[in-house]
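Chains as they are written, first to last, in my numbering: chain A, 1 to 318; chain B, 1 to 318.
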């Protein structure tokens, strides 16, 4: 097996070109970077075999790609620009060089798409495949969950529910000839952290979160952190998620509303800001009210209870 | 089970007081920090059950403590001052709240000793216990492995071999009444990343590395990165490691030279710098020469081949 550093270097084929902040790259005890003038944003996210993914439905490239995007999405959720990432991999026994190459190819693809270069990491042996990604960003004024105010409008950037529909199609082994199902599977396999859209909010006062666990649940985080009541209009959410979700839901025999409100891993962005100014790339899906912190979902104008939140489809987190 | 955020908060009981750089702490999508004016140093290290530790010989508090120190030591090895850390935990099934509390207590203790506050993290379920620690530091001029020059002297800060001796005592289930063995077990259970000593080198031109895998092996990293030949004097190294290592080696029936040169996880610091100026806290243990990159160990004045490097005692890394 190649050395740890050889593998880490494979993560970063053209490091100098892709990370203008880099002072010291892979090969020393740590990476070193030019300090940003703006506040630093720092996050870590882990994807563990059997909990966040199974190799039955995801290729190793998918696993590398998706785990990286999940971490990058936390930068988007703070309205931060990407600076650099670290990758900590735990590889099961008998994991081959070729398999590692596939995993790394997925990470590299995601890193290139987001502009978040991998500048270091760690490689260990262990029982289950696990990918832990540290993402470092910078932002003049990080956007928080706690900034929603009564009177604000709720804004959504990106469709929701597609990734959950795609995951269900994969778990059931459904053929994905139908374009709608194929689009949903693609949404699950190749989500895009909405870093560019998040950056547009860095100068707009707002509350911001990424939709990783499900829209209703993530809206609940804003409600709780801000001490407000969020009214979500499921019909407007469904309109934003388009015809693919409608068609895929029909093929799956699932309620599109449940998929859109409780399905995670689309990495849409949910913002709460002034009702007067629509942030570019966002559509209105509800409003913020004073009251007992929580989320009310309206469907056809009447309160509606979405499912408690799908899990990741392969296990559960604490 | 408590929520992820409740647990992460338990990692950081008095966050505001302990992290002067903190702008946004646990509870949002990411942590936010005042940017340092000096270059950023960033590293990640993972400790995985069955590879880096077993619960037969280490308490959960030990595991939390040691994994954190291993990451912090990479900051010391760059001569960086600690800024903030993230902790990504994967917990096996049936891992209890009480067990998590013990693990977290060890992390918290290490974080307090080093002054490296935990400002965020991630909690997942998974097959094996695993602790991945991201450490962020800052340094006006990060010290590299590649800066050793022919004519430099080699300097060591801290004893080596004690942790390896302690690990062997634990693995063999030896009683640790003897003060020397007890000191070695303590060196393994409660190593201290030499951050303060590393900081003294931030204004001294030098090559620097921490001794995590074994002195001869880590010296090899400097030799290779700098393109130089390192001459290590095992007798001087043994003098620095003191009588505890001699006595413990006798009780273990091991060669103290082998433990000192090939035993890891003491987190001593190895520097190469001008022969004229002894850096504070370091003792001379050899010199740097031009020639084929590599390490020559002298013992009793003659070349001596230390063992290829002990593994961690519980498995192997790739």
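Glycine is no exception: its CB is placed at the ideal position from the N, C-alpha and C atoms.
Whole-number beta carbon distance between residue 210 of chain A and residue 76 of chain A, since they are thought to touch under 8 angstroms: For the purposes of this step, residue 76 of chain A is taken as residue 76 along the first chain, with counting starting at 1. For the purposes of this step, residue 210 of chain A is taken as residue 210 along the first chain, with counting starting at 1. Contact holds; Cβ gap of about 6 angstroms.
Identity of the residues DSSP links to residue 120 of chain B by a beta bridge: Within the second chain, the letter at position 120 stands for residue 120 of chain B. Answer is B/86.
Burial state of residue 56 of chain B, where buried means 16 or more other Cβ atoms lie within 10 Å: Against the second chain, residue 56 of chain B aligns to sequence position 56. Per the 10 Å Cβ criterion, exposed.
Cβ shell of residue 79 of chain B (< 7 angstroms), same chain only, five flanking positions each side left out: On the second chain, residue 79 of chain B is found 79 positions in, with the first residue counted as 1. Around residue 79 of chain B: 139, 142, 143, 198, 199, 201, 202 and 208.
Unbroken beta strand (DSSP E) run spanning residue 287 of chain A, endpoints: To locate residue 287 of chain A, count along the first chain from 1; it is residue 287. That run of the beta strand (DSSP E) goes 283 to 289.
Spatial distance of residue 92 of chain A from residue 45 of chain A (CA atoms): Numbered from 1 along the first chain, position 92 holds the residue referred to as residue 92 of chain A. Numbered from 1 along the first chain, position 45 holds the residue referred to as residue 45 of chain A. Straight-line Cα distance between these residues: approximately 19 angstroms.
Own chain residues within Cβ distance below 7 angstroms of residue 109 of chain A, not counting five before or after: Stepping through the first chain from its first residue, residue 109 of chain A is reached at position 109. 65, listed in sequence order.
Contact list for the region 105 to 119 of chain A against chain B, Cβ threshold 9 angstroms: 119
Residues within the region 178 to 212 of chain A neighbouring chain B, beta-carbon criterion of under 7 angstroms: Here the close residues are 209 and 210.
Residues, ordered as in the chain, of the region 128 to 143 of chain B that lie near chain A by beta-carbon distance below 8 angstroms: 128, 130, 132, 134, 135, 136, 137, 138, 139 and 142
Within chain A, partners of residue 35 of chain B - CB distance below 8 angstroms: Looking up residue 35 of chain B in the second chain gives position 35. The contacting residues are 35, 36, 37, 38, 39, 40 and 138.
Sufficient close CB pairs (3 or more, under 8 angstroms) joining the region 289 to 297 of chain B to the region 216 to 230 of chain B: yes
Nearest residue (CA-CA) to residue 185 of chain B, options B/196, B/193 and B/170: Working through the second chain from its first residue, we reach residue 185 of chain B at position 185. The shortest C-alpha separation from residue 185 of chain B is found at B/170.
Under 8 angstroms from the C-beta of residue 23 of chain A: neighbouring residues of chain B: Taking the first residue of the first chain as position 1, residue 23 of chain A is located at position 23. Those are 39 and 142, listed as they occur along chain B.
Sequence-distant residues of the same chain with beta carbon closer than 7 angstroms to residue 36 of chain A, five excluded per side: Indexing the first chain from 1 puts residue 36 of chain A at position 36. Cβ within range, chain order: 83 and 138.
Partner residues on chain A for residue 74 of chain B, Cβ-Cβ distance less than 8 angstroms: Reading the second chain from its first residue, position 74 is the one you call residue 74 of chain B. 29 and 30, listed in chain order.
Cα-Cα separation between residue 111 of chain A and residue 41 of chain B, rounded to whole angstroms: As a first step, residue 111 of chain A is located in the first chain; it is residue number 111 there, counting from the start. As a first step, residue 41 of chain B is located in the second chain; it is residue number 41 there, counting from the start. Going by the C-alpha atoms only, they are around 20 angstroms apart.
With 16 other Cβ atoms within 10 Å as the buried cut-off, status of residue 172 of chain A: Taking the first chain and counting its residues from 1, one reaches residue 172 of chain A at position 172. Residue 172 of chain A is exposed by the Cβ-count criterion.
Expected contact under 8 angstroms - CB spacing of residue 86 of chain B and residue 134 of chain B to nearest Å: Here residue 86 of chain B refers to the residue found at position 86 of the second chain. Here residue 134 of chain B refers to the residue found at position 134 of the second chain. Residue 86 of chain B to residue 134 of chain B, Cβ: 4 angstroms. Contact.
Beta-carbon contacts of residue 122 of chain A that lie in its chain and below 6 angstroms, excluding the five residues immediately before and after: One-based indexing of the first chain puts residue 122 of chain A at position 122. Around residue 122 of chain A: 88.
Cutoff 8 angstroms: residue 308 of chain B Cβ touching any chain A Cβ: Taking the second chain and counting its residues from 1, one reaches residue 308 of chain B at position 308. Cβ-Cβ to chain A under 8 angstroms: no for residue 308 of chain B.
Reference residue 321 of chain A, options A/119, A/153 and A/262, closest by Cα: This structure cannot speak to residue 321 of chain A, because chain A is shown only from 1 to 318.
Backbone CA spacing between residue 21 of chain A and residue 63 of chain A [nearest angstrom]: Here residue 21 of chain A is taken as the residue at index 21 of the first chain, counted from 1. Here residue 63 of chain A is taken as the residue at index 63 of the first chain, counted from 1. Distance between the alpha carbons of residue 21 of chain A and residue 63 of chain A is about 27 angstroms.
Minimum Cβ-Cβ distance from residue 86 of chain B to chain A less than 8 angstroms: Counted from its first residue, the second chain places residue 86 of chain B at position 86. Flagged as an interface residue toward chain A: residue 86 of chain B, by a C-beta distance shorter than 8 angstroms.
Interface flag, residue 126 of chain B vs chain A, CB-CB below 8 angstroms: Stepping through the second chain from its first residue, residue 126 of chain B is reached at position 126. By this cut-off, residue 126 of chain B is an interface position.
Cβ-Cβ separation, residue 153 of chain B to residue 287 of chain B (assumed contact under 8 angstroms), whole Å: Counting from 1 along the second chain, the entry for residue 287 of chain B is found at position 287. Counting from 1 along the second chain, the entry for residue 153 of chain B is found at position 153. Rounded, the Cβ-Cβ distance is 5 angstroms, consistent with contact.
Endpoints, alpha helix (DSSP H) assigned at residue 251 of chain A: On the first chain, position 251 is the one that residue 251 of chain A refers to. For residue 251 of chain A, the enclosing alpha helix (DSSP H) stretches over residues 234 to 252.
Residue 266 of chain A at chain B interface by Cβ criterion, 8 angstroms: Locating residue 266 of chain A in the first chain gives position 266, where the first residue counts as 1. So no, residue 266 of chain A is outside the interface.
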